[in-house]
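Working notes, beginning with the structure itself.
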Amino acid sequence: RGAVINTPDLIAAVNDGTLLGAAIDTYENEAAYFTNDWTNKDIDDKTLLELIEHERILVTPHIAFFSDEAVQNLVEGGLNAALSVINTGTCETRLN
1 RGAVINTPDL
11 IAAVNDGTLL
21 GAAIDTYENE
31 AAYFTNDWTN
41 KDIDDKTLLE
51 LIEHERILVT
61 PHIAFFSDEA
71 VQNLVEGGLN
81 AALSVINTGT
91 CETRLN
């Protein structure tokens with residue numbers, strides 16, 4: 001999802017006042033950074049540093065999938081699909 005936004009354009013829009021601010025939870029080059037602890041380590045990505053240090057841009061982790069409700073829905077959905085396959089041989093969410 002990070003590649004959906006042109007990050008330099010987003011930063012420029014905040015800088016020139018087109019946007020008053022921004023909050024993002026994805027970044028196109030996030031794989032190396034968002035899943036690791038970077039405490040006391042240097043970040044080489046200048047664009048990511050600009051996002052993090054910008055006073056009107058909030059960068060947060062993408063964790064909406066980890067709310068209690070989301071986890072419950074994932075577990076129930078998987079279990080219901082498994083039961084449906086056991087009972088009927090298929091389920092409505094089956095892909096192949």
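Residues 1 to 96 (full-length UniProt numbering) make up the sequence shown, in order. In this text, a Cβ means the ideal position worked out from N, Cα and C, and glycines have one as well.
It is roughly 13 Å from the alpha-carbon of D16 to the alpha-carbon of I57.
No residue range can be given for I43, since it is assigned to no alpha helix (DSSP H) and is classified by DSSP as neither H nor E.
Rounded to whole angstroms, the gap between the alpha carbons of C91 and P8 is 44 Å. Exclusion of the five residues before and after A64 leaves A70 as the residues of its chain whose Cβ lies within less than 7 Å of its Cβ. When C-alpha distances from A3 are compared across Y27, T18 and L19, the shortest belongs to Y27. Cβ neighbours of V14 within its own chain (closer than 8 Å, five residues either side excluded): L20, G21, A22, H54, R56 and I57. For I5, the closest alpha carbon among the candidates A32, W38, Y33 and T47 is that of T47.
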